[in-house]
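The structure under discussion appears below in the form of structure tokens.
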Amino acid sequence: MADKYGRMLTIKLGARRALVVSSWEIAKECLTIHDKAFATRPKAVAQELLSYNHAMIATAPYGPYWRQMRKFATIELLSNHRLNLLKHVRESEVKTSLQQLYQLWNKKKSSNSDKVLVEMKRWFRDVTLNVILMIVVGKRIPNSYEGVETMEWKKSVDEFFELSGKIVVADALPFLRWFDIGGEEKRMKKVSKELDQLVEGWLGEHKEKIAENEANSEEDFMGVMLSKLRDDVEEHDANTVNKATSLSLVLAAEDTTSITMTWALALLLNNRDALNKVQQELDIHVGKDKLLVTESDTKNLMYLQSIIKETLRLYPPAPLSATHEAIEDCTVDGYDVSAGTWLIFNLHKIHRHPHIWTDPSEFRPERFMTTHKDFDVRGQNFELIPFGSGRRMCPGISFALQVLQLTLANVLHWFEFETPSGEAVDMHEAPGLTSPKATPLEVYISPRLPAFVYTSTT
């Protein structure tokens, strides 16, 4: 559609108007000159039912509540100072997950072959979930689909992201909401209840620890919120604010980060020269006699960082940005835009513009070490905005990049990877709010370091 209608088009969604931007220049105008005008989120049905009536930071309307909660989350969890204090948690969880993967290989290898088939899409999701859960609520879910809580969580999360991306009939024609055409509202209420029961359990555990004066009751984010945020915030009660904020941080980190790691490995498997090159970089800067890659090591892994940027360019966690809404009339690219208009950025198109990117559909990490070496993903280069930009930019960029670099560096350092029968990896995307790989990522793994390195540590 962008190829046919150009840099910007307006579509009608019933009574709503939506502006779809496929140009980085217009995106820059919207997110700089008109940043405040487009700073709020639409009050869509999905966000009302799935985000505690817009209490989650990502979906909250622009205003005092959103400013207060974003500031709180940034200071207590996402600031550089706080992230540095939590470095040991990230490194410990990644190490534990790698040890479990190595133990799985050791258990399943045979006398005929040292290669073991594993599903890496699931593994990336598990390790990401455990990192963010340990930081936010001080617990981890076992790296398997065993256990009722684990199964319920993953099923509900999958449905959450499927439903979050839906525009239901009532969004376009509000007077039809009572009919719940298609039954989507019923599904949303069910998923919301399932997730709330899990988060309510976590909150209850924290309250019990505080009541019993346990020493570590305030070490994680949920505990900090309980101790520092005792009063209601605007129209939301304190418990709802805690649950909504904690859950939104977990969901955002788990889904987007694991999606990016899955795509990165898939791209490397289809581009073996790049895979060999990044492993050579690891051998130079880390060495095969050292088992764990630390966050200090990742600062020297420039090619790995380029791989992550190129992955985010080709496969941004969401191909369409989160929807903005105009809170006042403004003029964009010479066109009048009225208050209430929705704004969506077509990141897939912006990131593949042939005037900016040579061979835009090709995986070429080297471009970020040559022609685009000054490009970053932190919202300053509007040709590459996987995390957004401006006031509503994702506040967890630094955390996401740390987990991406640390996890990918270690798993590529620990193991060799091969696809079954040597075939190319299927690169189809699944539909929804985010863009996960449609099919599992099944690969054969085998250790790439000397045996004594694993046994001396694991």
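Just so it is clear: in the sequence shown, position 269 is 268 by numbering that gives the first Met the number 0, and no numbers are missing. Glycine is no exception: its CB is placed at the ideal position from the N, C-alpha and C atoms. Computed from a prediction, not measured in an experiment: that's the story for all the values here.
Integer-rounded CB distance, given that residue j should sit under 8 angstroms from residue i
i: VAL424; j: ALA265; result: 5 angstroms
i: ASP288; j: VAL452; result: 6 angstroms
i: SER455; j: LEU77; result: 36 angstroms between Cβ atoms; not a contact.
i: HIS205; j: LEU225; result: 6 angstroms
i: TRP413; j: ARG16; result: No, TRP413 and ARG16 are not in contact; Cβ-Cβ is about 51 angstroms, not under 8 angstroms.
i: ILE10; j: ASP332; result: In fact, because the Cβ distance is near 16 angstroms, the residues do not count as touching under 8 angstroms.
i: ALA38; j: ILE326; result: 7 angstroms
i: VAL485; j: VAL240; result: Since the first residue shown for the chain is 0 and the last is 457, residue 485 is missing from the structure and cannot be characterised.
i: THR255; j: ALA429; result: That pair is no contact at about 14 angstroms.
Alpha helix (DSSP H) segment containing residue i, residue limits
i: LYS348; result: 346-349
i: GLU92; result: 86-107
i: SER245; result: 237-268
i: LEU202; result: 183-210
i: THR127; result: 119-135
i: VAL44; result: 44-49
i: TYR64; result: 63-72
i: VAL168; result: 168-171
i: SER445; result: No alpha helix (DSSP H) contains SER445, which is instead part of the beta strand (DSSP E) from 441-446.
i: THR310; result: 301-313
i: GLU280; result: 271-284
Opening and closing residue of the beta strand (DSSP E) in which residue i lies
i: LEU290; result: Segment: none, LEU290 is in no beta strand (DSSP E) and carries neither H nor E.
i: LEU18; result: 15-20
i: PRO9; result: As written in the sequence, residue 9 is Thr, which differs from the Pro given in the question. It spans 7-12 - the beta strand (DSSP E) in which THR9 sits, taken as one unbroken run.
i: CYS329; result: 329-331
i: VAL336; result: 334-336
i: PHE398; result: From DSSP, PHE398 is part of no beta strand (DSSP E) but of the alpha helix (DSSP H) over 396-413.
Residue i versus residue j: straight-line alpha-carbon distance, rounded
i: PHE416; j: ASN111; result: 18 angstroms
i: SER388; j: ALA321; result: 11 angstroms
i: SER143; j: PRO439; result: Because the pLDDT of SER143 is 47, which lies under 50, any placement of that residue in the model is unreliable, and the question is left without a value.
i: PRO474; j: GLU233; result: Since the first residue of the chain shown is 0 and the last is 457, residue 474 is not available in this structure.
i: LYS242; j: LEU448; result: 43 angstroms
i: VAL115; j: LEU97; result: 15 angstroms
i: LEU268; j: ARG139; result: 29 angstroms
i: GLU199; j: HIS87; result: 27 angstroms
i: LYS372; j: ARG6; result: 26 angstroms
i: GLU33; j: VAL223; result: According to the sequence as given, residue 33 is His; it is not Glu. Approximately 35 angstroms between the Cα atoms of the pair.
i: LYS35; j: HIS352; result: 27 angstroms
i: SER337; j: MET221; result: 40 angstroms
i: ASN129; j: LEU172; result: 41 angstroms
i: GLU361; j: PHE374; result: 17 angstroms
i: LEU109; j: GLN102; result: Residue 109 is actually Ser in this sequence, not Leu. Each residue's alpha carbon lies about 13 angstroms from the other.
i: ASN105; j: PRO446; result: 10 angstroms
Outcome for residue i when other beta-carbon atoms lying within 10 angstroms are tallied against a minimum of 16
i: PRO41; result: buried
i: GLY181; result: exposed
i: GLN401; result: buried
i: GLY203; result: exposed
i: GLU422; result: exposed
i: THR210; result: Reading off the sequence, residue 210 comes out as Ala, not Thr. Classification of ALA210: exposed, given that the 10 Å Cβ count is below 16.
i: GLU118; result: exposed
i: SER434; result: buried
i: PHE178; result: exposed
i: LEU18; result: buried
i: ARG66; result: exposed
i: GLY137; result: buried
i: GLU145; result: For GLU145, the predicted model reports a pLDDT of 49, less than 50, meaning its position is unreliable and no value from the coordinates is stated.
i: SER91; result: exposed
i: MET368; result: exposed
i: THR370; result: exposed
i: LEU12; result: exposed
i: ASP328; result: exposed
i: LYS191; result: According to the sequence shown, residue 191 is Ser rather than Lys. Answer is buried; the Cβ neighbour count reaches 16.
i: LEU85; result: buried
i: PHE71; result: buried
i: ALA14; result: exposed
Residue i at chain D interface by Cβ criterion, 9 angstroms
i: LYS106; result: Absent from the structure: chain D. Only one protein chain is present.
Residue i vs residue j beta-carbon contact at 9 angstroms
i: LEU311; j: HIS347; result: no
i: ALA408; j: LEU290; result: no
i: ILE56; j: PRO385; result: no
i: PRO364; j: SER305; result: yes
i: ILE307; j: GLN404; result: yes
i: VAL93; j: GLU184; result: no
i: ARG22; j: ILE444; result: Here residue 22 turns out to be Ser, not Arg, going by the sequence shown. Not in contact: SER22 and ILE444 (Cβ atoms no closer than 9 angstroms).
i: LEU411; j: GLY164; result: no
i: LEU162; j: LEU246; result: no
i: PHE159; j: LEU49; result: yes
i: GLU294; j: ARG81; result: no
i: LYS436; j: TRP262; result: yes
i: HIS323; j: ALA54; result: no
i: LEU68; j: THR244; result: Note that residue 68 is Met in the sequence shown, not Leu. In contact: MET68 and THR244 (Cβ atoms closer than 9 angstroms).
Any non-hydrogen atom of the ligand COA within 8 angstroms of residue i CB
i: LEU407; result: Among the components modelled here there is no ligand, and therefore nothing to report on the ligand COA.
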